[in-house]
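Numbering (this note's numbering), first residue to last: 1 to 525.
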Ligand SMILES: Cc1cc2nc3c(=O)[nH]c(=O)nc-3n(C[C@H](O)[C@H](O)[C@H](O)COP(=O)(O)OP(=O)(O)OC[C@H]3O[C@@H](n4cnc5c(N)ncnc54)[C@H](O)[C@@H]3O)c2cc1C
């Protein structure tokens, strides 16, 4: 009898596996994202499918939980709620999932993480909290920061062990403003690899993912409780998605909405490009505000210093600064601690005579940053766009951009002597760098080939957004809970104060995304 039972279980498991893994061996998706199967590119990176619009059979559908936005926060919330048995749908307005999470450099700060332990780096939750508060000029809402820092490590373990996100076990990033290197990096060094694993896990748990479907309005019952979302899709349908347990807004920030950002920062007009993916218009904030939701710290908007001057997109190749590369101006002189806070570095770049910065490094620094291993595609694009030059001598590289080469030679000579003091004599880095007191690594720029990359700041992160309590429930202007409404990710305000530290967003969105999924289930048990 037992044998028959075991055989039956095996057959059912096999049939389930076949329905998930198609005969070709590729993962087939049966819902709205099914029309293009995800694949890996030549470099072995997962590619998220871009999906053509497809009409819905039912224009009104009922779920337990409706999530708005298929970025890291939305997926984390959906996975957690679905793991607890809820029937979940994610609405995504674009034709591909992932949002900014997908574009990200996939570095996220986790204190006391396993890579730190293997590298002998001492860290603590308290140190991480201190850095985060300081980085935001102590304007962060402290109870929210407590949630962020205390849940960081368990959430990273959940991402690795439950969601299946692949994380490098021998590589970390040291983002500006952090006392120690504490940023884990997802394999492949790009956020789409994190999203892909989230997408797989969500699918495995039966989460429905409706791409090309834009949430337009929140629906409430007569008591004011949020019970669903009105949406429209690219097939021209008007849709209703009911959520018997409620709605989680995870629609990202508003860096792409020039009018909205200028309301709070008039200087960030249309001439300043954005690093963001399309679809970051702040519609999640506006929808909730229509129900009386409060906002926090909308005026705090971050620019990212190291972007493509042509498009405003982030240039990860400039991460060489974390491995020792200095930055100069067109006059060939350094002008700031390259690893300082993003707002400070951005401001400094824009106040140079031509409003550009020029990162300078050599072969050894590039090897340590693993630039060609992780960011080869971007490197090639920068070279093709004449935004990066490789040359045998520094003079040749300087000439390419018209940088004052004698001044550059002096700058690099001085910088190398500071690096020497730091490396050979073990002098404290901030003391060794006599001019700008770097807080991340210094290395000599001495052996060719040499590289110079031209950079400019772009609008990157909106720290302001919806007011939430410490369990991700959306609050009114008076601080009361809006029943049935939860929010997580960049759509939320108050966690990062005036300035989000690098690598703190992915920690934020996964911590609060998972938490929103937990709370919506807990509140409706
Ligand atoms: C280029 C780049 C690099 C970055 N690198 C890092 C990094 O290395 N480390 C780090 O910590 N942070 C990084 N960040 C910041 C971080 O990626 C974002 O803050 C974070 O991914 C936001 O996650 P989210 O889930 O809140 O929003 P997103 O990932 O942006 O997802 C929101 C989704 O909601 C969708 N949406 C919006 N409105 C609607 C609507 N009305 N209906 C339906 N869908 C809607 C959007 O299309 C989008 O897909 C980076 C950001 C960028 C742009």
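Backbone N, C-alpha and C fix where the C-beta goes; we use that ideal spot for every residue, glycine too. On a predicted model such as this, the values are computed, not experimentally measured, just so you know.
Assuming residue i is part of the alpha helix (DSSP H), what are its boundary residues?
i, result
"residue 540", "Look at the range of the chain in this structure, 1 to 525, and you will see that residue 540 is not part of it."
"residue 270", "Careful: residue 270 lies outside any alpha helix (DSSP H) and carries neither H nor E."
"residue 522", "504–523"
"residue 143", "142–158"
"residue 100", "99–103"
"residue 479", "Segment: none, residue 479 is in no alpha helix (DSSP H) and carries neither H nor E."
"residue 429", "429–432"
"residue 45", "Segment: none, residue 45 is in no alpha helix (DSSP H) and carries neither H nor E."
"residue 85", "Per DSSP, residue 85 belongs to no alpha helix (DSSP H) and is neither H nor E."
"residue 438", "Premise fails: residue 438 is in no alpha helix (DSSP H) and is neither H nor E."
Is the closest heavy atom of ligand 1 to the C-beta of residue i under 8 Å?
i, result
"residue 108", "yes"
"residue 352", "no"
"residue 178", "no"
"residue 97", "yes"
"residue 491", "yes"
"residue 495", "no"
"residue 278", "yes"
"residue 503", "yes"
"residue 214", "yes"
"residue 71", "yes"
"residue 461", "yes"
"residue 582", "The displayed coordinates of the chain run from 1 to 525. Any statement about residue 582 would go beyond what the structure contains."
"residue 138", "no"
"residue 162", "no"
"residue 251", "yes"
"residue 288", "no"
"residue 402", "no"
"residue 100", "yes"
"residue 507", "yes"
"residue 119", "no"
"residue 92", "yes"
"residue 314", "yes"
"residue 275", "yes"
"residue 231", "yes"
Could you check where the beta strand (DSSP E) with residue i kicks off and where it finishes?
i, result
"residue 123", "No beta strand (DSSP E) holds residue 123; DSSP gives it neither H nor E."
"residue 239", "238–249"
"residue 338", "First-last for residue 338: undefined, no H or E at that position."
"residue 195", "Residue 195 -> not in any beta strand (DSSP E); alpha helix (DSSP H) instead, spanning 192–204."
"residue 107", "107–109"
"residue 414", "No beta strand (DSSP E) contains residue 414, which is instead part of the alpha helix (DSSP H) from 405–424."
"residue 91", "88–91"
Which same chain residues, not among the five before or five after residue i, have their C-beta less than 7 Å away from its C-beta?
i, result
"residue 520", "65, 81, 245, 246, 248, 486"
"residue 160", "167"
"residue 434", "418"
"residue 86", "64, 65, 245, 521"
"residue 471", "515, 519"
"residue 312", "273, 274, 275, 458"
"residue 363", "447, 448, 449"
"residue 110", "152, 153, 156, 182, 184, 507"
"residue 163", "79, 197, 198, 201"
"residue 318", "306, 359, 453, 455"
Which residues in the same chain as residue i place their Cβ atom closer than 8 Å to its Cβ, once the five residues preceding and following it in sequence are excluded?
i, result
"residue 341", "135, 176, 177, 499, 501"
"residue 139", "297, 300, 497, 498"
"residue 268", "258, 261, 262, 301, 303, 459"
"residue 240", "59, 60, 61, 219, 228, 229, 230, 231"
"residue 372", "366, 379"
"residue 35", "Low confidence applies to residue 35: its pLDDT is 35, below 50, so where it sits in the model is not reliable enough to give any reading."
"residue 106", "185, 186, 188, 189, 190, 191, 193, 194, 506"
"residue 242", "60, 61, 62, 63, 66, 219, 227, 228"
Pull the bridge partners of residue i from the DSSP assignment, please.
i, result
"residue 454", "358"
"residue 293", "476"
"residue 304", "458"
"residue 233", "213"
"residue 60", "240"
"residue 327", "359"
"residue 313", "Paired residues: none, contrary to the question."
"residue 172", "184"
"residue 219", "228"
"residue 394", "Partner(s): none; residue 394 has no beta bridge."
"residue 465", "296"
Who are the near neighbours of residue i in its chain, counting only those whose CB is closer than 6 Å to its CB and skipping five residues on each side?
i, result
"residue 260", "254, 282"
"residue 509", "72, 73, 489"
"residue 234", "53, 212"
"residue 102", "191, 192, 195"
"residue 24", "Residue confidence is low: residue 24 scores 31 on pLDDT, short of 50, so the model does not pin down where it sits. Its coordinate-derived value is still stated next. The answer is none, since no qualifying residue turns up."
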